[in-house]
Each structure stands twice: as structure tokens, then as C-alpha cells.
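Colleague: Provided herewith is a single structure, encoded as C-alpha cells, for subsequent inquiry.
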Amino acid sequence: MCGIIGYVGDKDAVPVIIDGLKKLEYRGYDSAGIAVYGKNGFDIVKQKGRLVVLEERLSSLMRENKPLSGHLGIGHTRWATHGEPSDINSHPHTGSKNRIAVVHNGIIENYKQIKERLENRGVTFVSQTDSEVIAQLAEHYYSGDIIDTVIKVSNALEGSYALGVMCIDEPDLLVAIKKDNPLIIGKSNHGNFIASDVPAVLKHTNQVYYLNDREVAVLHEKDIQFFNTDREPLQKKAETITWSMDSAEKDGYPHFMLKEIMEQPKVLRDTIQSAVTDGENRKVLDNIDIIRFDKIMITACGSAYNAGVVAKYVFEKLCRISVEVELASEFRYKDAVINEKTLVILVSQSGETADTIAAMREAKSKSAPTLAIVNVVGSAIAKEADYCIFTAAGPEIAVATTKAFSAQLILLYILAIRFARRLGKIQPEEEQKQIEEIKSLPDKVSEILDRIGSIQMYASTCIGYKSIFFIGRNIDYAIALEGSLKLKEISYIHSEAYAGGELKHGTISLVEENTLVVALSNYYYLYNKIMSNAEQVISRGAKVLLIGNCPKVDQESGKFYHIVLPQVSEIFSPSLSVIALQLFSYYVAANKGLDIDKPRNLAKSVTVE
Ligand code: F6R
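This is the structure:
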């Protein structure tokens, strides 16, 4: 949720850190701050608001001839959990004696107890955050060895944290530690970095170490050492990041979201390639013995959960195996009926979502094998799951997921086809036919993207709706869930998705003039049913946007608008519907002039519960 970065090197840390924070702003954007080790000790500037507010403040300091500068620094972009967004609650935090400065991503669960203890010893706190206790506790413990201090602090903390720490007695040293929140260490030829995510350092290096829980990283300009919490040295191997800086730039598009929507044909091709030919994913898939299992449980959050709902229809149809889909936040507390004969599939773009991590650990504690579908290599879920296959989406920057979702769907389809074959539910010829159809999807996605103008035009007429409902039946209902989530999160228009048959069991009472109903229709045998739902809402004053490859409707009356999709088998139709749904949501939000890549109150990678 928050983003942290730290740098020690021969360059001025300020522009390096600000540039890195720009790449991390997707993780939280209600305040930002920076601390550098300047000529007279720590210089700290922190501001409520977007990163640009901090940048403006730094520029005005420059104009006043008081520029911030130094070769060691830490920075933070915040998504508030404890304490409102304000200058004082922004990071970095220092102890009262200004000897230790800290940036933190995570939640300290025992902060109240620590705070009370320190207050009883006369420490005065200035913020309402949980994070300040880290800096205050560090100062309390500090007696000349900052590495020992960080270890001691880590031993005392409960909860999740990725920390960057500077000490007033160490002008050339940056210390980091993490537990249950991501932290990478970057090694470049001009200095070394800590960061919450790779894009923050990619401009400087493609060599990164992934820090494991409770490993300590000690960074100087020219070397990096790793220790465990007994202070024994650890040998770690740097990994080479293969994607380039371009992935973290907008590349001429007005928003990352549009760029990422447009990247989907390539993302799908790369993901298919890795799973059906001899890529790494293929090897993992070949190792999963589906015959051992009598149930599949899919668990995830948000859009990743919606991918799971689509997959349930596909698995059940192709594999004739029972599939349950659970929100990870529910699964983790429900004492699920699973055992070693249940395959638990976790879906997560970031691989760091707190509820999905907890769901994975819950599954493991019940001896259920876990298979993760993850985008971020080196993430917690990727490391801990028994099996992991990767979506080849590259870094996804927009908060609303698009390309990672589409890649998740593709891997779930391929998984279902492979399992169906292994279970003897389909013959080799049928398996091959299905795989060929999967391979045709990227071109069909391109066809839809080529018609972007008509979707843009229609969406521009929809900004006035107070409510937009999404309906579909069967797998069209599953993808309607994603359409509705996408719309509400970036356009702030109220929206719900319903199974078409459910409408008249309550929701239809909300349908009136100035309601739009988006009806998904990719099932010929359900076409008449969804059309009768459409007629029912039209007769109550609603307008209908039809999306699908069903027969074209007469648009003359002005009551219908039809986005016609390319022909495809029903079970794979969500891969096409979702493209139209993403573009529709994007253009509604764009026409409203909203901050599409950073919707209010949201952050990518929900690493807190
Ligand atoms: C919606 C969206 C979120 C994520 C959810 C899970 O557009 O992006 O709903 O899908 O927070 O995140 P991951 O996939 O990182 O576990």
C-alpha cells in the first residue's frame, strides 16, 4: 500500500528518490516525504497530498537557496491507515532526538502497547501513526550499533513492515528489513537502493535482490551485505530483471490504464507462449497431478476473484470437477472444508495482497496443495505457494487492473484445458482445438481495440448516469462482475452486477429513467432470456448497452446500443467481453476528467488487511 525507497550512492539522492517515488505512487498517494542526510544531519520535507505537492515544496526550497541535497536518503508515498493524511503523519518519521529516521510500509499491530511503554518513559509522540513507534523505539534501543538496533526493533514489532532506516551516526549507511511486505534491494554502478517495487529502481539497474522476511540488508554506496536476525551473514544472488523501463512509462498514452489495455494482445501472446510451449509455466503445469484432487478452491480478492468466478464456470464445464470460489478475506476466517485432496488456486497480480497471503497460509495449514497465478516474480505468494505460474503482463501501474486480469484468465483457461485432458474429460484432438482457439484470442482482442473509437464515442454519452447495472447469465454473469467493478472504481458511478435471472428478485425496483443496464450476451441458447431481461428494463425507462457476439440488435429505437464482439466459443468469451468493458469504463471516467490511474481511496497492492 505505501511505497518506500532509499538510496545511498554518488548521486544526489533527492532527484533519485523523487523519481523512484513517481514509480511507486500507484501504491498510495495521499502524502509523500523525503529525508536526506544533509550537511547538518537529517533534512526532512513531508507534505500531505500527491507527490507533486512535495516536488513543489522542494522547488521552492531550491528557490529560497535552501535546497535539499545529500548522498543518502529515504522516501515514502503514503496510503493512510493509522492517522489521517496530514503533513505530520507523513513519513519519514524520526525519534524525538532526531537520531533515527524511518520509512515504513505495513501495519504495526502492537503499536499502542509500544507507544504506551515509551510514553511512560517520557517519550513524546507527534503523529497519530503506528509507524512513528518504529523510529521512537529505535532511538530508545540505540546505543551505537544501528544494525543491532534494527534487529531489536524488528523482534519487538508485531504486524507487517518493510523498513528503510537512517541513523545520524552513519552518514553513508542505509539499513532495511521486512516482514510480510515487499522489499527489493537494487545494485547499481553509482549506488545501492531499497524499494517496494522494481520500477522504482529500473532506471538505474536491472540487478535486484528479493529480501525475505526478517532478512536485514545493509547498504553502502559500493557494497550490500545481508544478515539474518542473529546477525549471521547471508549469501544472496542478484536476479536480472528482463523487462525494460518502457513498461513503467506511459509511452504517449494519457493514462497507464489505456496503455495497459492496449498492451493486451502482446501480454496474452506471451502468457500463452509460456504455458503451452516449453516455457516455465508449462513445466509447472506438467507437474501438477490433478488426478489426486476431488475439489478445486479458488481464492483471491477484487478483480482476481472475478477471474476466479469465470474460471469456476470453465473448470466445471471442461473438467466436471467441483469448484468453489471464495473471497480471500472470507476464506481465511471461515474454517473452509478443504484437505490434501483440494487444490487451492490463488490468483494475485501483485502476489502481495495480505488477504490472499493469509488464505494461502490457511490452505497450507490444512494440507491443501496451493497453486498460485501471480504476475510479480519474487513476491510473497510466488515464493510460498507449492506451485506458481506467472502471467506475463509486465509491470501493471494503473491501480485498476486490466492486462494482468486478462492474463490471469488465459492461464486459468489453459489450466482447465490441461486438467480436463488429464482427467480424461476431453480427447487430445479436443484439447488441441481448444488450445488453438486460445491462441486466436490475441488477434480477436486486437480487432476490438481497433474499434476503440466507437466505444469511446458511446461512453462519452454515459457520464450522466447515476447508476449502471451489469447483467449476464452463466459466464456472462461472471464477467459482468468485473465490468461493474472496473466502472465503479474509476468512474465513481454506482454500479452492481447481477445474474440476469436475479433482476426481478429485487434489483429491478432500482431501474428507472436515467439508468443504464449493460447486458452481456455471448450465449446463443440464453440469448432470448437476456434479451427479455433487456426488454423488461427498457420498459421501465432504462437504456441498454449490449456487449457480445449474439445477433445484432436494431439500434434505431435509441434504446439499445450494441458493441459487437468477434465470434468465439462461449467459455472463452470473457476474454473479449472484458476488453469492451475496460474500454467503456475507461472512457466514461476519462470523459468525467477523473484521475484514472489513481482513483480516490484506492491503492494497488493491498498489503494490509
Ligand atoms: C481492481 C483491482 C483490485 C485487485 C485486488 C487484488 O481493478 O485491481 O480489485 O484485483 O486488489 O489484487 P492482487 O491481484 O494484486 O492480489
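Residues in the sequence shown are numbered from 0 upward in steps of one, following numbering that gives the first Met the number 0. In this text, a Cβ means the ideal position worked out from N, Cα and C, and glycines have one as well. Because the structure is a prediction, the values reported are computed rather than measured.
Rounded to whole angstroms, what is the Cα-Cα separation between Lys8 and His189?
Modeller: For the purposes of this step, residue 8 is taken as the residue at position 9 of the sequence shown. For the purposes of this step, residue 189 is taken as the residue at position 190 of the sequence shown. In the sequence as presented, Lys is not what sits at residue 8; that position holds Gly. Whole-angstrom Cα-Cα distance: 6 Å.
Colleague: Check whether the stretch 54 to 70 and the stretch 109 to 117 touch, using three or more Cβ-Cβ pairs below 8 Å as the test.
Modeller: No: fewer than three Cβ pairs fall under 8 Å.
Colleague: Between Thr80 and the ligand F6R, is there a pair consisting of the residue's CB and a ligand heavy atom that are separated by less than 7 Å?
Modeller: As a first step, residue 80 is located in the sequence shown; it is residue number 81 there, counting from the start. No; taking the cut-off as 7 Å, the Cβ of Thr80 has no heavy atom of the ligand F6R nearer than that.
Colleague: Gly307 lies in the alpha helix (DSSP H); which residues open and close that run?
Modeller: Looking up residue 307 in the sequence shown gives position 308. Gly307 -> alpha helix (DSSP H) spans 301 to 318.
Colleague: Does the distance from the CB of Leu267 to the CB of Ser405 come in under 8 Å?
Modeller: Residue mapping note: residue 267 aligns to position 268 of the sequence shown, counting from 1. Residue mapping note: residue 405 aligns to position 406 of the sequence shown, counting from 1. A contact, by the Cβ cut-off of 8 Å.
Colleague: Residue range of the beta strand (DSSP E) that Lys542 falls in?
Modeller: For the purposes of this step, residue 542 is taken as residue 543 along the sequence shown, with counting starting at 1. 542 to 547 is the span of the beta strand (DSSP E), which, as asked, contains Lys542.
Colleague: Going by DSSP, what residue range makes up the beta strand (DSSP E) through His139?
Modeller: On the sequence shown, position 140 is the one that residue 139 refers to. From DSSP, His139 is part of no beta strand (DSSP E) but of the alpha helix (DSSP H) over 131 to 140.
Colleague: Within 10 angstroms of its Cβ, does Ser453 collect 16 or more other Cβ (buried), or is it exposed?
Modeller: The residue labelled residue 453 in the question sits at position 454 within the sequence shown. Looking at its Cβ environment, which holds fewer than 16 other Cβ atoms inside 10 Å, Ser453 is exposed.
Colleague: Using the Cα positions of Trp78 and Ser89, report the straight-line distance between them to the nearest angstrom.
Modeller: Here the question's residue 78 lines up with position 79 in the sequence shown. Here the question's residue 89 lines up with position 90 in the sequence shown. Straight-line Cα distance between these residues: approximately 10 Å.
Colleague: Starting from the Cα of Arg599, find the closest Cα among Glu24, Ala216, Val13 and give me that residue.
Modeller: In the sequence shown, the residue the question calls residue 599 occupies position 600. Considering only alpha carbons, the answer is Glu24.
Colleague: Tell me whether Ile4 is buried or exposed, calling it buried when 16 or more other Cβ atoms sit within 10 Å of its Cβ.
Modeller: Start at 1 with the first residue of the sequence shown, and residue 4 comes out as number 5. Answer is buried; the Cβ neighbour count reaches 16.
Colleague: Apart from the five residues on each side of it in sequence, which residues of its chain come closer than 7 Å, Cβ to Cβ, to Gly19?
Modeller: Mapped onto the sequence shown, residue 19 falls at position 20. Apart from sequence neighbours up to five positions away, the residues of its chain that approach Gly19 with a beta-carbon distance below 7 Å are Ile4, Gly74, Ala194, Ala199, Val200, ordered along the chain.
Colleague: From Ser302 to Gln433, what does the alpha carbon distance come to, in whole angstroms?
Modeller: The residue labelled residue 302 in the question sits at position 303 within the sequence shown. The residue labelled residue 433 in the question sits at position 434 within the sequence shown. The straight-line gap from Cα to Cα measures roughly 25 Å.
Colleague: For the ligand F6R, is there any heavy atom lying closer than 7 Å to the beta carbon of Gly32?
Modeller: As a position in the sequence shown, residue 32 is number 33, starting the count at 1. For the ligand F6R, not one heavy atom lies less than 7 Å from the Cβ of Gly32.
Colleague: In whole angstroms, what is the alpha-carbon distance linking Leu593 and Leu580?
Modeller: Taking the first residue of the sequence shown as position 1, residue 593 is located at position 594. Taking the first residue of the sequence shown as position 1, residue 580 is located at position 581. Those two C-alpha atoms are separated by around 18 Å.
Colleague: At which residue ranges does the stretch 313 to 387 contain complete alpha helix (DSSP H) runs of 4 or more residues, listed in the order of the chain?
Modeller: 327 to 330, 353 to 364, 379 to 383
Colleague: Specify the secondary structure class of Ala397 as computed by DSSP and reduced to three states.
Modeller: The residue labelled residue 397 in the question sits at position 398 within the sequence shown. Three-state DSSP puts Ala397 in coil, outside helix and strand.
Colleague: Locate the beta strand (DSSP E) running through Phe559, then write down its first and last residues.
Modeller: Locating residue 559 in the sequence shown gives position 560, counting from the first residue. Element bounds for Phe559: 559 to 563.
Colleague: For Glu481, name the three-state secondary structure that DSSP assigns.
Modeller: Mapped onto the sequence shown, residue 481 falls at position 482. Glu481: helix per DSSP, three-state reduction.
Colleague: Let me confirm a value: Thr460 is counted as buried when at least 16 other C-beta atoms fall within 10 Å, else exposed. Which label applies?
Modeller: Within the sequence shown, residue 460 is the residue found at index 461, counting from 1. Counting Cβ neighbours within 10 Å, Thr460 comes out exposed, since fewer than 16 surround it.
Colleague: Quick one: is the Cβ of Glu383 within less than 7 Å of any heavy atom of the ligand F6R?
Modeller: Here residue 383 refers to the residue found at position 384 when the sequence shown is read from its first residue. Checking every heavy atom of the ligand F6R against the Cβ of Glu383, none is found closer than 7 Å.
Colleague: Might you give, ordered along the chain, the residues of its own chain that have their beta carbon closer than 6 Å to the beta carbon of Arg319, omitting 5 neighbours on each side?
Modeller: Within the sequence shown, residue 319 is the residue found at index 320, counting from 1. The residues are Lys424.
Colleague: On a CA-only basis, which of Ser142, Asn180, Gly185, Gln127 is nearest Pro84? Give me that one, please.
Modeller: Here residue 84 corresponds to residue number 85 of the sequence shown, with the count starting at 1. The option with the nearest alpha carbon to Pro84 is Gln127.
Colleague: Ignore the nearest five residues each way along the sequence and tell me which others in Glu351's own chain have a CB closer than 6 Å to its CB.
Modeller: On the sequence shown, residue 351 is found 352 positions in, with the first residue counted as 1. Cβ neighbours of Glu351 beyond the five flanking positions: Pro181, Ser378, Ala379, Ser604, Thr606.
Colleague: Pull the bridge partners of Cys166 from the DSSP assignment, please.
Modeller: One-based indexing of the sequence shown puts residue 166 at position 167. Its beta-bridge partners are Ile99.
Colleague: Can the beta-carbon of Ala391 be found closer than 8 Å to that of Thr270?
Modeller: Working through the sequence shown from its first residue, we reach residue 391 at position 392. Working through the sequence shown from its first residue, we reach residue 270 at position 271. Yes, these two residues count as a Cβ contact at 8 Å.
Colleague: Within 10 angstroms of its Cβ, does Arg62 collect 16 or more other Cβ (buried), or is it exposed?
Modeller: Residue 62 sits at position 63 when you count from the first residue of the sequence shown. Counting other Cβ atoms within 10 Å of its Cβ, Arg62 stays below 16 and is therefore classed as exposed.
Colleague: Compute every distance between the C-beta of Glu361 and the non-hydrogen atoms of the ligand F6R, then say whether any falls below 7 Å.
Modeller: Walking along the sequence shown from the start, residue 361 turns up at place 362. No, since every heavy atom of the ligand F6R falls outside the 7 Å radius drawn around the Cβ of Glu361.
Colleague: From Asp212, Gly185, Glu214, pick the residue whose C-alpha is nearest to that of Lys202; which is it?
Modeller: The sequence position of residue 202 within the sequence shown is 203, counting from 1. Checked all of Asp212, Gly185, Glu214; the closest Cα to Lys202 is Gly185.
Colleague: For the alpha helix (DSSP H) containing Val207, list its first residue and its last residue.
Modeller: Reading the sequence shown from its first residue, position 208 is the one you call residue 207. Premise fails: Val207 lies in the beta strand (DSSP E), 206 to 209, not in any alpha helix (DSSP H).
Colleague: Please tell me whether, using a cut-off of 7 Å, the distance from the CB of Gln263 to the nearest non-hydrogen atom of the ligand F6R is below it.
Modeller: Walking along the sequence shown from the start, residue 263 turns up at place 264. No, the Cβ of Gln263 stays beyond 7 Å of every heavy atom of the ligand F6R.
Colleague: Write down every uninterrupted run of the alpha helix (DSSP H) in the stretch 0 to 81 whose length is 4 residues or greater and which is fully enclosed by it, in chain order.
Modeller: 12 to 23, 50 to 62
Colleague: What residue range is occupied by the uninterrupted beta strand (DSSP E) comprising Ile184?
Modeller: Counting from 1 along the sequence shown, the entry for residue 184 is found at position 185. Taken as a continuous stretch (DSSP letters only), the beta strand (DSSP E) holding Ile184 covers 183 to 186.
Colleague: Rounded to a whole number of angstroms, what is the C-alpha to C-alpha distance between Tyr332 and Asp354?
Modeller: Mapped onto the sequence shown, residue 332 falls at position 333. Mapped onto the sequence shown, residue 354 falls at position 355. One C-alpha to the other measures close to 10 Å.
Colleague: Is any non-hydrogen atom of the ligand F6R found closer than 7 Å to the C-beta of Lys485, if you look at the structure I gave you?
Modeller: Mapped onto the sequence shown, residue 485 falls at position 486. Yes, the beta carbon of Lys485 sits closer than 7 Å to at least one heavy atom of the ligand F6R.
Colleague: Taking 7 Å as the cut-off, is the C-beta of Glu488 nearer than that to any heavy atom in the ligand F6R?
Modeller: To locate residue 488, count along the sequence shown from 1; it is residue 489. Yes, Cβ of Glu488 sits closer than 7 Å to a heavy atom of the ligand F6R.
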